[in-house]
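Residue numbers (the working numbering): 192 to 294.
C-beta: ideal position from N, C-alpha, C; glycine also.
Printed below as a string of structure tokens:
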């Protein structure tokens, strides 16, 4: 089992979650579409050569974003990450993947 966590702007939250859920991620027992989310403030500065969805090269940008966390079966994690990247508006989405232990 893995945990996938990603950051996404408000206007793209539901579309990115839908893509990740469609990959099969977010199932816990007899429940699906399971996740935890919280709104926060993200910060980044696009470097030369980037193509930012929000902001401009060389300028620090702060954006309200959602952090979404969900679990994913081992055999689906690569598809879940690929679905998140495909649906995400950012050129370089910020995300984390953790391997979980069953205790």
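What does the Cβ neighbour count give for residue 272, buried or exposed, with the cut at 16 atoms within 10 Å? That one is buried.
Coarse secondary structure for residue 287, derived from DSSP in three states: Three-state result, residue 287: strand.
Bridge-paired residues (DSSP) for residue 197: As a beta-bridge residue in DSSP terms, residue 197 pairs with 259, 286.
Residue 202 - DSSP class collapsed to helix/strand/coil: Note: residue 202 maps to helix in three-state DSSP.
What would DSSP say about residue 268, mapped onto helix, strand or coil? In the structure shown, the three-state DSSP call for residue 268 is helix.
With burial defined as no fewer than 16 other Cβ atoms inside 10 Å of the residue's Cβ, what is the status of residue 282: buried or exposed? Result: exposed.
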